[in-house]
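S.K.: For reference, the structure I am asking about is given below.
If you want it as structure tokens, here you go:
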């Protein structure tokens, strides 16, 4: 009789563990599917925004060509002010202008305060993004870039092509010293590297298409 009671208790424990295990598996599958679906929706939205940006750029080119208007006088009707494209790490992301609430590393690649857009002579466009496993970690593969790799910024109907000329790490202190030639038009990409360092990639403009 005592043995049967022990067996019943063990059976109940096994059943309970089986139910709990099944429930945990179901929750894990649900969360994975939910996150995948949200990520898929975000990717679709991003692609639509990119397509719209490029479409508008082409329209503006035609307006300028036909009417001989200055590009500065043409209103750019797009969510993005520019697009960053790095083929080597399969990155193509729209950038919001400074002052936009979405120009923030917690949401996108951030154009840092003090930046100059690509059309400013000898200017420096500073971009920062997270590194890690978050959805917003757009610079998670930045470490793969090497000297001479190419980076493009699409801005005001032109593609600005940059070549990587310097890669270095600095201590994470809240500020970053940018080592660049002040007589060159440059692009600086910044992200975290480990717990105590930041990775800095500096590229110089080599062409405008």
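Residue numbers (our numbering): -19 to 189.
In this text, a Cβ means the ideal position worked out from N, Cα and C, and glycines have one as well.
For residue 24, which three-state DSSP category applies?
M.R.: Helix.
S.K.: Name, in chain order, the residues that DSSP records as bridge partners for residue 172.
M.R.: 178
S.K.: Between residue 125 and residue 66, is the Cβ-Cβ spacing less than 9 Å?
M.R.: It is a contact, given that the beta carbons lie within the stated cut-off.
S.K.: Can you tell me the Cα-Cα spacing of residue 62 and residue 0, whole angstroms?
M.R.: 50 Å
S.K.: Run through the DSSP bridge pairs and tell me what residue 74 is partnered with.
M.R.: DSSP output for residue 74 lists 63 as bridge partner(s).
S.K.: Thinking just about the alpha-carbon of each residue, which of 81, 86, 160 is nearest to the one in residue 106?
M.R.: Per the Cα distances, 160.
S.K.: In chain order, which beta strand (DSSP E) runs of at least 3 residues are fully inside the stretch 106 to 165?
M.R.: 130 to 135, 138 to 151
S.K.: Do residue 169 and residue 119 come within 9 Å of each other at the CB atom, strictly closer than that value?
M.R.: It is a contact, given that the beta carbons lie within the stated cut-off.
S.K.: Taking 8 Å as the limit between beta carbons, can you name the residues of its chain near residue 172, skipping five residues before and five after?
M.R.: 110, 111, 112, 152, 178, 179
S.K.: Apply the 10 Å Cβ neighbour rule to residue 203 and answer buried if 16 or more other Cβ atoms are within range, or exposed otherwise.
M.R.: Since the displayed the chain opens at -19 and closes at 189, residue 203 lies outside it and no answer follows.
S.K.: Using DSSP's beta-bridge definition, name the partner residues of residue 184.
M.R.: Note: residue 184 sits in a beta bridge opposite 143, 166.
S.K.: For residue 23, which option in 5, 146, 72 has the closest C-alpha, if you only look at C-alpha atoms?
M.R.: 72
S.K.: DSSP on residue 29, reduced to helix/strand/coil?
M.R.: helix
S.K.: Label residue 132 either buried or exposed according to how many other C-beta atoms from any shown protein chain fall within 10 Å of its C-beta, with 16 as the threshold for buried.
M.R.: buried
S.K.: By a C-beta neighbour count over all protein chains shown, 10 Å radius and 16 as the cutoff for buried, is residue 140 buried or exposed?
M.R.: buried
S.K.: If we ignore side chains and look at the alpha-carbon of each, how far apart do residue 36 and residue 5 end up?
M.R.: 46 Å
S.K.: Alpha carbon to alpha carbon, what distance is there between residue 39 and residue 57?
M.R.: In this prediction, residue 57 scores a pLDDT of 49, lower than 50, which makes its location untrustworthy; the coordinate-derived value is nonetheless stated afterwards. Roughly 10 Å between the two C-alpha positions.
S.K.: Output the distance between the C-alpha atoms of residue 29 and residue 176, rounded to the nearest integer angstrom.
M.R.: 35 Å
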